[in-house]
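As numbered in our numbering, residues 641 to 1110 make up the sequence shown, in order.
Where a beta carbon is used, it is the ideal one built from N, C-alpha and C, also for glycine.
These numbers were taken from a predicted model, which means no experiment stands behind them.
To start, the structure itself, in structure tokens.
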Amino acid sequence: MSPTHLRVKSLAGKIFTGVLAFTMGVILVLGVAMTTIYYLSYEHDAEAELAASAQDAAAYLNASPPDANIPALEEQFAGLTRYTLIAPDGWVLYDSAADPATMENHASRPEVREAGENGQAATMRFSATLGTDTVYAAVKLDDGSIIRLSETRHSLLAFLGDMLVPLIVAVCVAAVLVLVLSKALTSRIMKPIDALNFADPLENEIYEEMDPLLIRIDEQQRRLLLQNRELAEAENMRRDFSSNVSHEMKTPLQVISGYAELMKNDMVQPDDRQKFAALIYEEAQAMRSLINDVLTLSRLDESAFGDDPVLIDLHAVAGRVAGRLASFAAEQGVEVRVEGSAAHIAGSETLAEEMLYNLIENGIRYNHEGGSVAMLVGRETEPCVLSEGEDPVECVCVRVSDTGPGIPEELRDKVFERFFRVDKSRSKETGGTGLGLAIVKHAVLYHHGTIKVEGAEGEGTTFVLRFPAA
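In structure tokens, the structure reads:
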């Protein structure tokens, strides 16, 4: 951006331009108005004075014989005022400014005609003889002739033209004063602005017109602060996640490496080879589960499940998941039931299946022999509010209940954190990766839903999921 462009946008320039334009407008309007008023007032007074002079001249001439009128006019009334003596038939007998012989008949002149009818007249009109605006005052004499006085006057436009120079001088003086005033005003206006504390915008004492700007700055700062905090938390979570993944993979790798080394060096009895192979297989399966969960979370973090939602029947998905986990449930001695009816949402069917799989698998894994896992899926009869401040919507609800040991109330928010385990020793025994519920939470948010944990410690756990119905 060039310095010239910056100067055009400056506050001082805006104030100077605005005040100067306003001042010039006021000066011009007032100048023209006052000049016009003065002109009209002056002309009115001059017309009245000329009419009085015409009455005096008529009185003087009436006191003399008619044949003495012309000599009296030549001797007594010489001066700047033009005197014209007009016969009753309209012909000019005497004129102090022109040769009567060259003048046309004046019977049709407005002031002559009006004076002949009313005895006197006063008017202003353009004089064809002299080519100027002229004020006329006429009085009828006793012998029927008309004595007319006239004076040349400037027209209004000419009078305004004479005032042009004073107006230009006034505008120039005003421009200088406005320049000085604008600088002083700018300095005074900018003083509290320059003293603004943008670290705490709402604590400034400033013009109320700036409140919206300061409020917006404050909101943006709060948003940036929140974003920075979220970025820091995300970075910490990433580091913790990387550390936890490394830690979780280290143990099965050590087991696999150790048993494989023993088998390689023929340090394992033939009868124990199958046992060692089984242990290696189990640790490899644990690593595979961990890697699959890590990949799923990575895809969720990157929103890599696509933007084109499909129609999903959660009841049908729950049935398929229960079928896939039937053998695992039988091994654990846990009964799995799926109840409810068809309930549709929009989203990723793969992710929905992963979500319900983790919930049911957790219910089986952290249960006791003879226990059960029940999943109830259906459309709720009453609208629900999924986000604070939003309107209620039709919802699909999924309730997954187990008869396990339950989750202490103070740990119910932590169970969705990555690699968090309520009972670490039992998790190791059951083979959990510690990422299942983190995946569930991400999947719920992906489908614009909510999840909460219910149940008392020692009496089982119920996960309640709600989604906007499709």
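- Item | Nearest-angstrom Cα separation, counted from R1019 out to S988 | 19 Å
- Take the Cβ of I855 as the centre, count every other Cβ of all protein chains shown within 10 Å, and call the residue buried at 16 or more, exposed below. exposed
- Message: Below 8 Å on the Cβ atoms is my contact criterion, and I expect A982 with V976 to pass it. Report the Cβ-Cβ distance as a whole number of Å.
- Response: Rounded, the Cβ-Cβ distance is 19 Å, inconsistent with contact.
- Task: Inspect the CB distances between the stretch 1000 to 1017 and the stretch 1037 to 1049 and report whether three or more fall short of 8 Å.
- Result: yes
- How many angstroms separate the CA atom of K904 from the CA atom of A872? 47 Å
- Under 9 Å between C-beta atoms of I1079 and E994: yes
- Query: Mapping DSSP to helix, strand and coil, what is Y1006?
  - Reply: coil
- In terms of residue numbering, what span does the beta strand (DSSP E) encompassing H984 cover? H984 to G987
- What is the DSSP secondary structure of F1107, reduced to helix, strand or coil? strand
- Just the C-alpha distance for G658 and V818, rounded to the nearest angstrom, thanks. 10 Å
- Item | E1034 and A1109 closer than 9 Å at C-beta | yes
- Query: Is E683 helix, strand or coil by DSSP?
  - Reply: helix
- Query: By Cβ distance, which residues of its chain are closer than 7 Å to E923, with the 5 residues on each side in sequence left out?
  - Reply: P892, V895 and I896
- Between the C-alpha atoms of P910 and E901, what's the straight-line distance to the nearest angstrom? 15 Å
- Q860, buried or exposed, once every other Cβ within 10 Å from all chains shown has been counted against 16: exposed
- For V1093 versus V1055, is the C-beta spacing smaller than 9 Å? yes
- Query: Roughly how far, in whole angstroms, is the beta-carbon of A755 from the beta-carbon of A761, given that I think they are within contact range, below 8 Å?
  - Reply: 4 Å
- Query: First and last residue of the alpha helix (DSSP H) that includes Y1086?
  - Reply: G1076 to Y1086
- C-alpha gap between S929 and N837, whole angstroms: 54 Å
- Counted within 10 angstroms of its Cβ, other Cβ atoms place P832 as buried (16 or more) or exposed: exposed
- Task: Label V961 either buried or exposed according to how many other C-beta atoms from any shown protein chain fall within 10 Å of its C-beta, with 16 as the threshold for buried.
- Result: buried
- H1087 versus L1105, G1011 and T676, residue with shortest Cα-Cα distance: L1105
- Item | Cβ separation of V958 and L991, assumed to be a contact under 8 Å, to the nearest whole Å | Here residue 958 turns out to be Ala, not Val, going by the sequence shown. A958 to L991, Cβ: 14 Å. No contact.
- Examine the Cβ distances between the stretch 723 to 732 and the stretch 775 to 795 and report whether three or more of them are shorter than 8 Å. yes
- Message: Rounding to the nearest angstrom, what Cα-Cα distance links P728 and T792 in this structure?
- Response: 25 Å
- Query: Cα separation between E751 and G665?
  - Reply: 40 Å
- Message: I'd like to know whether the C-beta atoms of Y734 and N709 end up nearer to each other than 9 Å.
- Response: yes
- Query: Relative to the alpha-carbon of D782, which residue among G730, V732, S704 and E687 has its alpha-carbon at the smallest distance?
  - Reply: S704
- Message: If you reduce the DSSP assignment to three classes, tell me which class I857 lands in.
- Response: helix
- Secondary structure of Y997, DSSP reduced to three states: helix
- Message: Could you tell me the alpha carbon to alpha carbon distance between E1057 and I920, rounded to whole angstroms?
- Response: 29 Å
- Message: I need the boundaries of the alpha helix (DSSP H) containing D834, first residue and last residue.
- Response: L804 to D834
- Message: Please report the straight-line C-alpha distance between H967 and P1032, rounded to a whole angstrom.
- Response: In the sequence as displayed, the identity of residue 967 is Ser instead of His. Approximately 40 Å, taken between the alpha carbons.
- Extent of the continuous beta strand (DSSP E) to which L725 belongs: R722 to I726
- Are G963 and G1011 closer than 9 Å when you measure CB to CB? no
- Task: Output yes or no for whether 9 Å exceeds the beta carbon distance between A835 and I667.
- Result: no
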